[in-house]
Every structure is written in structure tokens, then in C-alpha cells.
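Asks: Here you go, one structure.
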Amino acid sequence: MSLQSVLKKGWWGSIFFVVWVCVALALGARGYWELYAAKASGDEAAGALVLNVASSALALFLGGGSGNEGGLWLAVARAMAILTSFAAIVLAAWALWRWPLSHHFKLHWAWPLREPRGKQYLICGLGELGYALAENLCEEEAKLRVVAIESNPANPNIERLRNKGAVVIEGNATDIDVLRKAQLSKASHVIMLTGSDAINLEILAAVKEDEKTRERGAGNRLRCHVHLYNRENRIPFEVGGRHWPPVTDGLEISLLNVFESVAQRLFQDHPLGSNADTVEPGAEPVRVLISGFGRMGEAVLVETMLLGHFCNHVPIQITILDDDAERKRENFYRRHWEVKNHLDYWGLRLWRLEFVKDLAESRLAKSLTDYTDILACHDSEDEALTAIHQLWDRHRQRDNRRSTRFFVHAPSGRDITNSKIETFGPRRQTCCKSFVIDDELEQVARKTNLMYAKLKSGSRDDDQDFERKLQSDDANRDQDKKLHWDNFTLLKKASNKTEKRHMKIKTAALGLEECEEGEEPPEEVIKFNELLQGPAKDALDKFGEESIESANRMLTLASHGKGMNQITVIKRLNDLAETEKARWNAFYVVNNFILGKKSESELSHDCLMSWGDINNLNDNDARKSVINYDYKNVYQIREVLRHFGKGVRPIASENKNT
190 MSLQSVLKKG
200 WWGSIFFVVW
210 VCVALALGAR
220 GYWELYAAKA
230 SGDEAAGALV
240 LNVASSALAL
250 FLGGGSGNEG
260 GLWLAVARAM
270 AILTSFAAIV
280 LAAWALWRWP
290 LSHHFKLHWA
300 WPLREPRGKQ
310 YLICGLGELG
320 YALAENLCEE
330 EAKLRVVAIE
340 SNPANPNIER
350 LRNKGAVVIE
360 GNATDIDVLR
370 KAQLSKASHV
380 IMLTGSDAIN
390 LEILAAVKED
400 EKTRERGAGN
410 RLRCHVHLYN
420 RENRIPFEVG
430 GRHWPPVTDG
440 LEISLLNVFE
450 SVAQRLFQDH
460 PLGSNADTVE
470 PGAEPVRVLI
480 SGFGRMGEAV
490 LVETMLLGHF
500 CNHVPIQITI
510 LDDDAERKRE
520 NFYRRHWEVK
530 NHLDYWGLRL
540 WRLEFVKDLA
550 ESRLAKSLTD
560 YTDILACHDS
570 EDEALTAIHQ
580 LWDRHRQRDN
590 RRSTRFFVHA
600 PSGRDITNSK
610 IETFGPRRQT
620 CCKSFVIDDE
630 LEQVARKTNL
640 MYAKLKSGSR
650 DDDQDFERKL
660 QSDDANRDQD
670 KKLHWDNFTL
680 LKKASNKTEK
690 RHMKIKTAAL
700 GLEECEEGEE
710 PPEEVIKFNE
720 LLQGPAKDAL
730 DKFGEESIES
740 ANRMLTLASH
750 GKGMNQITVI
760 KRLNDLAETE
770 KARWNAFYVV
780 NNFILGKKSE
790 SELSHDCLMS
800 WGDINNLNDN
810 DARKSVINYD
820 YKNVYQIREV
830 LRHFGKGVRP
840 IASENKNT
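For any residue, its number in the working numbering is found by taking its place in the sequence shown, counting from 1, and adding 189.
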């Protein structure tokens with residue numbers, strides 16, 4: 190082993206210590222040899238002399254020997270032995286108390302005195318998810334303070350995270366004393382990632398019962414991010430549940446599911462239908478094949494059902510390939526019992542869906558080349574890789590009549606040699622601050638909800654003034670306060686976020702793509718608000734002047750795209766409003782709502798109707814006004830993007846599907 194590798198591994202300290210001890214022993218042995226040899230009688234055995242010298246030299250490290258005896262060699266040896274013993278005691282104490290002392294210093298002295306003051310993140314659970322998030326937070330700016338709680342002292346992630354500068358408390362996070370030891374009172378965010386829904390809910394209950402949490406005001410809320418694998422465990426957060434409402438003066442609760450996050454990220458990076466014709470009536474449907482139906486597969490299926498709605502109104506076709514297809518189909522319908530009432534030619538006819546054990550059983554596709562997207566979604570990364578390569582090999586043996594995309598679930602983030610297969614779901618992308626805590630999508634949803642609230646209330650105030658009114662405690666504004674984002678149920682927040690995830694599909698249907706705001710082409714604005722008729726005009730007229738101007742500019746840019754003109758844009762706009770109604774219906778059907786009186790607690794909604802049925806309502810029926818919001822979600826695209834420094838431009842002709 191080279192000297193360079195020894196120094197690189199940090200062994201030089203150990204080598205120096207060993208050499209130091211050996212030198213001290215050698216000097217002590219020499220000093221005692223001179224001392225004892227002078228005093229020894231002629232007939233004393235040499236062996237006894239050697240033993241006396243050795244034992245006396247070793248005794249120096251225990252404080253043995255008189256300072257008056259011996260010469261220079263023994264005095265130096267005695268000093269080195271004392272330093273060695275002292276250093277050993279200090280190092281042993283440091284090894285034993287290093288982390289407790291370091292953590293105490295960080296929690297009580299270093300962090301509170303640091304300026305500018307930053308946020309403190311408390312992570313409960315250091316499994317794969319918890320460690321990935323903690324590692325990402327440690328890599329952020331120095332003002333971020335990371336504290337973790339882990340119940341298993343043998344977890345290697347404890348030492349790994351401590352070496353990155355975080356504080357790790359060993360203990361059970363369901364114990365309020367452990368939470369307080371981790372400085373819960375100073376935390377701005379608590380993220381529960383233990384891997385068990387039950388334990389995460391117990392931790393949340395302990396946090397809510399802490400008196401200092403309840404003492405927090407509305408401006409200093411503790412944000413709790415609770416990871417739940419099973420959708421059934423969200424019931425306590427629904428209206429009337431144990432954790433309802435999700436926002437109080439001292440607390441704000443949001444729910445996480447890493448599989449759903451992965452599916453959402455997948456279709457934001459690779460929007461459904463972007464490799465197919467989704468605008469011409471009668472075009473081939475978008476067909477998706479999902480191989481493997483565990484937690485990841487179900488999350489991808491649900492996201493496909495939520496977003497797979499296009500302006501040509503051709504229902505998406507989804508095939509689930511799994512060795513245990515029949516049992517998993519029944520389990521899926523137990524959780525989403527309303528879905529099967531709106532498949533194929535039933536109900537609202539939102540999707541076509543099949544579960545098969547073998548592709549030969551498929552009724553929706555004749556061969557693999559019929560699919561637009563093939564995804565290996567097995568929870569096991571090795572199984573997913575095996576499946577996608579098998580599907581790829583079978584696919585390339587046939588004539589490829591369409592541009593099929595291949596995706597594989599790879600949480601490790603490994604690269605695969607086949608450049609035609611995209612990986613998705615790396616933990617470093619889905620377990621990160623921007624995705625889990627900041628939730629950029631929620632910031633977009635908050636903004637668009639404010640636009641929705643202004644439209645519903647008829648306010649022409651600017652955004653800041655209107656938001657202050659929504660937050661006002663004036664009793665006369667109770668109705669308006671229900672429109673504020675913080676007062677929304679988790680279901681309504683999820684609905685709003687789903688609409689924003691669908692925005693890329695709408696933008697592409699208009700022949701547009703996102704760009705930086707400065708890259709937006711300067712175009713003379715056509716006043717589309719004067720060209721529109723019927724519900725499309727009524728909806729736009731309800732906007733403020735600035736919003737109308739933004740919608741006109743967006744539609745103008747669309748009219749300059751390939752194959753587009755003013756008449757085409759207006760038709761596409763009406764088709765997209767109808768598409769938005771289908772997307773809204775899909776969200777509520779997936780969440781098991783039925784047509785009935787509007788009641789979230791009873792899972793019913795009075796607007797769960799087709800576009801045609803809504804339009805055929807009597808003009809005096811208040812439900813007919815919901816059409817305005819379907820148009821609103823199209824008109825607002827550019828304005829929403831503009832608030833985040835983005836704009837829109839016509840899609841380059843080589844990238845455009847028409």
C-alpha cells in the first residue's frame with residue numbers, strides 16, 4: 190500500500206500514535222535498564238532484570254515510577270507516557286460523547302446564533318427515503334439545519350448523515366420526549382418517512398398534542414409532511430376525520446406518497462400523448478402498457494387515468510400486464526370502485542382499461558408496436574430492468590409503426606446501456622427539498638386558485654389586495670375565506686394540482702410550448718375576446734383586463750403556429766374546454782365520487798356530468814356556470830407561467846404533432 194493511499198484513508202494519525210508509544214516504551218526501557226543494571230548484584234539473573242525493566246516501562250503509562258529516579262532518558266519517557274495516557278482518555282471520551290456533545294452544541298448554540306436564521310427540518314426515519322431527503326437538505330445552503338430521528342441504532346445511515354453535518358437523535362419519534370430532544374419547538378418542518386403508515390400517523394398525533402405546537406400562531410405554523418403508502422390511510426384527513434382540518438393556527442399538514450410523486454414527475458418530464466396525434470378526431474388512441482402492478486404500477490396507472498385526456502376526445506387505452514392480473518384487478522377496484530362504472534361504453538366513458546397475464550390476451554392492442562408508451566413499473570428495480578429489456582427485444586423484432594417510448598422504474602438512478610429506454614424515479618429527484626417540501630406545483634396551484642377565487646367573487650382587486658381580503662377575520666368575508674388556499678380540503682388541493690399537471694397537455698394542443706419569458710415572440714395581439722362567442726366569450730369576459738390581455742396574447746401566438754389560424758384556435762379552445770371537463774370528471778371518479786348533492790364527506794358531486802349533459806341544462810340551472818371554469822383553466826395558462834418567469838411560444842415545426 191502506497192504512502193499516498195495511507196494518508197488519503199486517514200491512517201496517519203493511528204500510525205503516529207503507535208510510533209509515539211513505541212518510542213516512549215523504548216526510552217523507558219533504556220532508562221530503567223541503566224538504572225537497574227547499576228543496582229543489580231552480580232549473581233542476579235539476566236531474565237529477572239529484563240522483566241523488571243519491561244514491567245517498569247509499561248507502568249509509566251499508568252503513572253508508575255518516581256520522578257526522582259533515573260536519568261534523562263527515563264524523564265523523557267515518563268513525560269511521553271503521561272501525554273499518551275492523557276490523550277487516550279480524551280480520545281475515549283470523545284469517541285463516547287462526540288455526537289451528543291456535537292449535537293447539543295449545534296442545537297443549542299451554533300444554530301441559534303447563526304445569522305441569517307434559517308429553517309430547521311426534522312426528519313423522522315432514516316430509511317432509503319429519509320436518508321435521500323436528509324442528504325439533499327445537507328447539500329443545500331449552510332443555513333439549512335437538518336435533524337433526524339432514527340429508532341434503529343444499527344442503521345448505517347446514522348453515521349453517514351452525521352458525517353455530512355446533520356444531527357441524528359437515536360430514539361422512537363412517536364415519543365414526545367424524543368421529539369422535544371430533537372428541538373421540535375424550533376422546527377419549521379417535520380417530515381415523517383419511517384416506512385410505516387401507522388408509525389407516521391402516531392408521530393403526527395404526538396406532534397399535534399405537543400403544547401408548544403398548539404401555541405404557534407398562523408404566521409409560524411409547523412408544516413408536517415406525512416408519508417402514507419396506502420390511500421385508505423388518508424381517511425383521517427378527510428372532512429370530519431381525526432386530522433381534520435389540515436390547517437390550523439399552529440399546524441399545516443400535507444400528505445406525501447413517493448410512488449405518486451415518481452409518477453407525477455414521470456409525466457411532467459414526458460407528457461402523455463406527446464409522441465402521438467391527440468388533436469385530430471378519430472386518430473389512433475394513446476395506448477399505454479404498464480408491466481408490473483405493485484405500488485409503483487398502481488401510482489402510474491392512476492396518474493395516467495388523471496392526465497390521459499386529449500382534445501380529440503379519444504379515450505386513452507391502458508393495459509396492465511402482471512402475472513397475478515386477476516387478483517390485482519379486483520384489489521384495484523376495491524380501492525377505486527367507481528372507476529369500473531365509467532369504462533369503455535359505460536357511464537362517462539373516460540378510459541378503456543384491461544388487466545392481462547399475457548399480452549396475447551389483450552383486446553386493446555394487437556402487438557407491442559401499437560403502444561405509445563411501455564413502462565416497467567415493478568417495485569423491484571431488478572425485475573423492472575428484466576421486464577423492460579424483454580419487452581424491448583420483442584418490440585424491435587416487429588415493424589415499428591409508431592414512435593413507442595420505453596420507461597423503466599430505477600430508484601437507484603443507475604444508467605442503462607440502452608439509450609432507447611428512459612429511466613424514471615431516482616430518489617435524488619423525488620426525495621429532495623424542491624419536490625417534497627417546497628412543492629413547486631403547490632406554488633403554481635396557489636396562484637391559480639387565487640385567480641379562480643377572484644373570478645368566482647367577481648373581484649377586480651390586484652392579487653395582493655384580494656389575498657389580504659381572503660385572509661381577513663372580518664365576519665362579512667366568511668364566504669370569501671372559503672376560497673383561500675389554506676382553507677381548502679386536501680381533496681380540493683389535490684384536484685387543483687392535478688389540473689396544473691395537465692397544463693402541458695393543453696399547451697401542446699394549442700401548438701405551444703413553455704419558454705423563458707424573454708424568449709416569447711413579440712406578436713401584435715389579436716383581440717380574441719371580440720371574436721369568441723357563447724360560453725367561451727362569457728368566460729373570458731369575466732376576467733380582469735390584464736388576464737384578458739394575457740389570454741389574447743396566448744391565443745395569438747397559437748394562431749401563428751404550424752397549421753393553425755384563428756378559426757382553428759377557436760375550435761381547439763372549445764375542444765380543450767370539453768377535455769378539461771373530462772379531466773375534472775376523471776379526478777372525482779378516481780376518488781370514488783358519484784353524481785348527487787355536492788358533499789365531499791358523502792363522496793358525491795352535482796357536476797359529475799358529461800360536457801353534453803352540462804350544456805343541455807336549463808339556463809337557470811346554476812351548474813351550467815361550471816363551463817366558465819373549464820374555459821378558465823385554458824385561458825390562464827400563460828398568465829400562470831408568467832408569474833414564474835415563463836412564457837409560451839409556437840412549437841418548432843420539427844417537434845410539433847398536428
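Where a beta carbon is used, it is the ideal one built from N, C-alpha and C, also for glycine.
Shortest alpha-carbon distance to Gln618 belongs to which of Ser450, Asp364 and Arg583?
Replies: In the sequence shown, the residue the question calls residue 618 occupies position 429. Ranking the options by Cα distance to Gln618, first place goes to Ser450.
Asks: With distance defined between alpha-carbon atoms, name the residue in Ala321, Ala281, Leu311 and Gly314 nearest to Cys621.
Replies: As a first step, residue 621 must be located in the sequence shown, where it is residue number 432. Nearest of Ala321, Ala281, Leu311 and Gly314 to Cys621, Cα basis: Ala321.
Asks: What did DSSP end up calling Gly707 once you bin it into helix, strand or coil?
Replies: Residue numbering aside, residue 707 sits at position 518 when the sequence shown is read from its first letter. If DSSP states are grouped into helix, strand and coil, Gly707 belongs with the helices.
Asks: Rounded C-beta distance between Leu411 and Ala376? I'm assuming under 8 Å.
Replies: Within the sequence shown, residue 411 is the residue found at index 222, counting from 1. Within the sequence shown, residue 376 is the residue found at index 187, counting from 1. About 6 Å separates the two Cβ atoms, so the contact holds.
Asks: Does the beta-carbon of Ile204 have 16 or more other beta-carbons within 10 angstroms, so that it is buried, or is it exposed?
Replies: As a first step, residue 204 is located in the sequence shown; it is residue number 15 there, counting from the start. Classification for Ile204: exposed.
Asks: Spatial neighbours of Thr402 within its chain, please: C-beta separation below 7 Å, excluding the five flanking residues on both sides.
Replies: Position 213 of the sequence shown, counting from 1, holds the residue named residue 402. These residues qualify, in order along the chain: Val396, Leu411, Gly439 and Leu440.
Asks: Would DSSP call Pro724 helix, strand or coil?
Replies: To locate residue 724, count along the sequence shown from 1; it is residue 535. Of the three classes helix, strand and coil, the one that applies to Pro724 here is helix, per DSSP.
Asks: According to DSSP, is Thr508 helix, strand or coil?
Replies: Your numbering for residue 508 matches position 319 in the sequence shown. In the structure shown, Thr508 sits in a strand (DSSP, three-state: E or B).
Asks: Nearest to Ala452 by alpha carbon, out of Ala472, Leu495, Glu421 and Lys716?
Replies: To locate residue 452, count along the sequence shown from 1; it is residue 263. Per the Cα distances, Leu495.
Asks: Is the beta carbon of Pro460 closer than 9 Å to that of Pro504?
Replies: As a position in the sequence shown, residue 504 is number 315, starting the count at 1. As a position in the sequence shown, residue 460 is number 271, starting the count at 1. Contact: no.
Asks: Taking Cβ positions, are Leu830 and Gly750 nearer each other than 9 Å?
Replies: Mapped onto the sequence shown, residue 830 falls at position 641. Mapped onto the sequence shown, residue 750 falls at position 561. No.
Asks: Arg476: which of Asp562, Asp399 and Tyr777 sits nearest, CA to CA?
Replies: Numbered from 1 along the sequence shown, position 287 holds the residue referred to as residue 476. The shortest C-alpha separation from Arg476 is found at Asp562.
Asks: How is the beta strand (DSSP E) around Gly319 delimited, first residue to last?
Replies: Along the sequence shown, read from residue 1 onward, the residue named residue 319 stands at position 130. Run containing Gly319: none in the beta strand (DSSP E); it sits in the alpha helix (DSSP H), Glu317 to Cys327.
Asks: Please determine if the segment 681-693 and the segment 629-644 are in contact, where contact requires at least 3 C-beta pairs separated by less than 8 Å.
Replies: With a cut-off of 8 Å, the segment 629-644 and the segment 681-693 count as touching, because enough Cβ pairs lie within range.
Asks: How would you label Asp511, buried or exposed, when you count the other beta carbons within 10 angstroms and need 16 or more for buried?
Replies: The count along the sequence shown starts at 1 and reaches residue 511 at position 322. It counts as buried.
Asks: Which word fits Ala576, buried or exposed, when buried means at least 16 other C-beta atoms lie within 10 angstroms of its C-beta?
Replies: For this step, residue 576 is matched to residue 387 along the sequence shown. By the neighbour-count rule (16 or more Cβ atoms within 10 Å), Ala576 is buried.
Asks: Which partner residues of Pro852 appear in the DSSP bridge assignment?
Replies: No statement about residue 852 is possible, as the shown extent of the chain runs from 190 to 847 and does not include it.
Asks: Quick check on His502: does DSSP put it in helix, strand or coil?
Replies: For the purposes of this step, residue 502 is taken as residue 313 along the sequence shown, with counting starting at 1. The answer is coil: DSSP assigns His502 none of H, G, I, E or B.
Asks: Nearest to Glu570 by CA position, among Phe613, His584, His832 and Ala549, is which residue?
Replies: For the purposes of this step, residue 570 is taken as residue 381 along the sequence shown, with counting starting at 1. The residue with the shortest Cα to Cα distance from Glu570 is Phe613.
Asks: DSSP on His598, reduced to helix/strand/coil?
Replies: To locate residue 598, count along the sequence shown from 1; it is residue 409. If DSSP states are grouped into helix, strand and coil, His598 belongs with the strands.
Asks: Roughly how many angstroms lie between the CA atoms of Trp540 and Phe482, to the nearest whole one?
Replies: Sequence index remark: in the sequence shown, residue 540 carries index 351 (1-based). Sequence index remark: in the sequence shown, residue 482 carries index 293 (1-based). If you take the alpha carbons of Trp540 and Phe482, they lie about 18 Å apart.
Asks: Considering only the beta carbon of each residue, do Leu792 and Asn780 sit closer than 9 Å?
Replies: Reading the sequence shown from its first residue, position 603 is the one you call residue 792. Reading the sequence shown from its first residue, position 591 is the one you call residue 780. In this structure, Asn780 lies closer than 9 Å to Leu792 by Cβ.
Asks: Between the segment 552-567 and the segment 795-811, can you find at least three pairs of beta-carbon atoms closer than 8 Å?
Replies: No contact exists between the segment 795-811 and the segment 552-567.
Asks: Nearest by alpha-carbon distance to Ala407: which of Ser244, Glu487, Ile626 and Asn676 is it?
Replies: As a working mapping, residue 407 is identified with position 218 in the sequence shown. Ranking Ser244, Glu487, Ile626 and Asn676 by Cα distance to Ala407 puts Asn676 first.
Asks: Here's the rule: buried if 16 or more other CB atoms are within 10 angstroms of the residue's CB, otherwise exposed. What is Tyr824?
Replies: Against the sequence shown, residue 824 aligns to sequence position 635. So Tyr824 ends up on the buried side.
Asks: What does DSSP give as the partner residues of Leu532 in its beta bridges?
Replies: If you number the sequence shown from 1, residue 532 lands on position 343. The partner list for Leu532 (beta bridge, DSSP) reads Trp540.
Asks: Considering only residues of the same chain and omitting the five flanking positions on each side of Ile840, which have a CB-CB separation below 6 Å?
Replies: By 1-based counting over the sequence shown, the position of residue 840 is 651. Cβ neighbours of Ile840 beyond the five flanking positions: Gly700 and Glu702.
Asks: Checking the sheet assignment: what are the DSSP bridge partners for Glu359?
Replies: Along the sequence shown, one-based indexing puts residue 359 at 170. Glu339.
Asks: Mark Trp526 as exposed unless 16 or more other C-beta atoms lie within 10 angstroms of its C-beta, in which case mark it buried.
Replies: By one-based count along the sequence shown, residue 526 stands at place 337. Exposed, since its Cβ has fewer than 16 Cβ neighbours within 10 Å.
Asks: Does the separation of the CB atoms of His531 and Glu767 fall below 9 Å?
Replies: Your numbering for residue 531 matches position 342 in the sequence shown. Your numbering for residue 767 matches position 578 in the sequence shown. Contact: no.
Asks: Give the straight-line distance between the Cα atoms of Cys413 and Glu543, rounded to the nearest whole angstrom.
Replies: For the purposes of this step, residue 413 is taken as residue 224 along the sequence shown, with counting starting at 1. For the purposes of this step, residue 543 is taken as residue 354 along the sequence shown, with counting starting at 1. Going by the C-alpha atoms only, they are around 38 Å apart.
Asks: If we ignore side chains and look at the alpha-carbon of each, how far apart do Phe833 and Glu705 end up?
Replies: Taking the first residue of the sequence shown as position 1, residue 833 is located at position 644. Taking the first residue of the sequence shown as position 1, residue 705 is located at position 516. Each residue's Cα considered, the two are about 9 Å apart.
Asks: Please determine, among Ala264, Val379, Thr273 and Asp582, the residue with the shortest C-alpha to C-alpha distance to Lys308.
Replies: Taking the first residue of the sequence shown as position 1, residue 308 is located at position 119. Answer by Cα proximity: Val379.
Asks: For Phe426, collect the residues of the same chain with a Cβ closer than 8 Å to its Cβ; drop the 5 residues on either side in sequence, then sort them by chain order.
Replies: Walking along the sequence shown from the start, residue 426 turns up at place 237. Here the set comprises His432, Trp433, Pro435, Ile442, Leu444 and Leu679.
Asks: Sort out for me which residues DSSP pairs Ser793 with in a bridge.
Replies: Counting from one through the sequence shown, the residue named residue 793 turns up at place 604. Answer is Ile783 and Ser788, bridged to Ser793.
Asks: Quick check for students: name the residue ranges of the beta strand (DSSP E) that lie wholly in the segment 393-450, counting only runs of 3 or more.
Replies: For the segment 393-450, whole beta strand (DSSP E) runs of length 3 or above, ordered along the chain, are 411-416 and 440-445.
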